[in-house]
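Peer 1: Remember, the working numbering sits 18 above the position in the sequence shown when you count from 1.
A virtual CB, placed ideally from N, CA and C, is assigned to each residue, including glycine.
The model shown is predicted, which means the values in this text are computed figures rather than measured ones.
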Amino acid sequence: MIIIGCSGGKHLAGKIAKKLKCPYSLLKVKKYPDGELNLRLMSNVKGKEVVLVQSFYGDVNECLVEAIFAAETANELGAKKVILVAPYLAYLRKDIRYGPGECINRNAITNIISRYFDRVLVIDPHIRKGVKISSLFSIKAVEINADKLIADYIKKNIKNPLVVGPDKGSLNMAKGISNMAKCNYAIFEKTRISGWEVKTKARKKVDLKGRNIIFVDDIISTGNTILECVKNMKKMGAKRFYCVVVHGIFIENALEKLRKANVKVVTTNTIPNKVSKIDISGLIAERI
Ligand code: R5P
């Protein structure tokens, strides 16, 4: 087996390989003046199981082209199997055709990956409750859940926690993490107005006395979901806020906005950033 780090997986490939005691290399990526990519596998892959690590952040479209071209090359050069480890897999959120002819992104991405890879591993994919990741791909697909790592972080670092899920979709996550961290949880209701704007309200009254509020969620993108909940909870008397999430995308200065609202944010390192302190390489190595 060989682990290969694509541009979005460089920060994890070495760690995963070390844990599995197997070799690793990086995908060499150059760009032509017209923007086309020139990719090169730096190790012999003939007869090997090739694990491509690619997290989809920054230019997600380029991440996709890289992963597909690298898989195509590995297959052409005689790899025995090509496995995609996508700590954060983009394009899963839009699973509805809102208008005639519109692309259902989730179907497009899962069908494309199924064509080029033999197996796929994803950390906390953003799919609807009740949908199994294995039903979306025609290859073997494994979902890895980071809740235990988040609960461990809370137990070690935050006293008197109240775990809060910002919407109904986060109910299982909040419930599971609060169980493991041995504390209570509360859930907000969220109405999404656009990709940027949301409205939230608490589902019932919660006792906030002396509590450190810890929002848990799978993704922070614009940060507006958490900022809205913070605004509401401040009105309810809460004072100290933390936010522990799996994928920190942080577009448009989201991290800075959260810092200004006095929210201490921590994420896993599915996407590397200033606050990605929870390492998920061990979880991935175990499942590989
Ligand atoms: C939505 O269902 C997700 O779990 C997150 O709550 C959402 O993606 C966060 O997005 P944003 O940070 O842009 O509000």
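1) Give me the DSSP bridge partner(s) of residue 230.
2) Please indicate yes or no: does the CB of residue 143 lie closer than 7 Å to some heavy atom of the ligand R5P?
3) Less than 8 Å between the C-beta atoms of residue 167 and residue 232, yes or no?
4) What are the boundary residues of the beta strand (DSSP E) that includes residue 295?
5) Who are residue 203's beta bridge partners in DSSP?
6) Along the beta strand (DSSP E) that carries residue 23, what are the first and last residues, could you check?
7) Under 8 Å by Cβ, that's how I've got residue 250 and residue 209 pegged, so tell me the actual separation to the nearest angstrom.
8) Cα separation between residue 262 and residue 146?
9) For residue 56, report the span of its beta strand (DSSP E) as first-last.
10) Which residue or residues does DSSP assign as beta-bridge partners of residue 70?
11) Between residue 74 and residue 26, which are expected to be in contact by the criterion C-beta below 8 Å, what is the C-beta distance as a whole number of angstroms?
12) With a threshold of 8 Å, are at least 3 pairs of Cβ atoms found where one atom belongs to the segment 122-141 and the other to the segment 96-112?
13) Where does the unbroken beta strand (DSSP E) through residue 43 begin, and where does it stop?
14) Count the CB pairs spanning the segment 93-108 and the segment 59-73 that are closer than 8 Å, and state whether there are at least three.
15) Taking 7 Å as the limit between beta carbons, can you name the residues of its chain near residue 47, skipping five residues before and five after?
16) Given the structure, does residue 242 come close to the ligand R5P, in the sense that its CB is under 7 Å from one of the ligand's heavy atoms?
17) Measure the beta-carbon distance from residue 332 to residue 184 and round it to whole angstroms, keeping in mind my assumption that it falls under 8 Å.
18) Can you tell me whether residue 293 sits near the ligand R5P, meaning its C-beta is under 7 Å from at least one heavy atom of the ligand?
19) Return yes when the Cβ of residue 260 is within less than 8 Å of the Cβ of residue 205, no when it is not.
20) For the candidate residues 190, 274, 156, whose alpha-carbon lies nearest to that of residue 131?
Peer 2: Judging by the given coordinates:
1) 179, 258
2) no
3) For the pair residue 167 and residue 232, the CB atoms are not nearer than the 8 Å cut-off.
4) Run containing residue 295: 294-296, per the beta strand (DSSP E) assignment.
5) Within the DSSP bridge table, the entry for residue 203 names 181 as partners.
6) From DSSP, the beta strand (DSSP E) with residue 23 extends over 20-23.
7) The pair is not a contact, with the Cβ atoms about 13 Å apart (cut-off 8 Å).
8) 20 Å
9) 55-59
10) 22, 102
11) 6 Å
12) Pairwise C-beta distances place the segment 122-141 in contact with the segment 96-112, as three or more of them are shorter than 8 Å.
13) Residue 43: member of the beta strand (DSSP E) spanning 42-49, first to last residue.
14) Counting Cβ pairs under 8 Å, three or more are found: they touch.
15) 25, 55, 57, 84
16) yes
17) Given that the chain is displayed from residue 19 to residue 306, the structure contains no residue 332 and the question cannot be resolved.
18) no
19) no
20) 156
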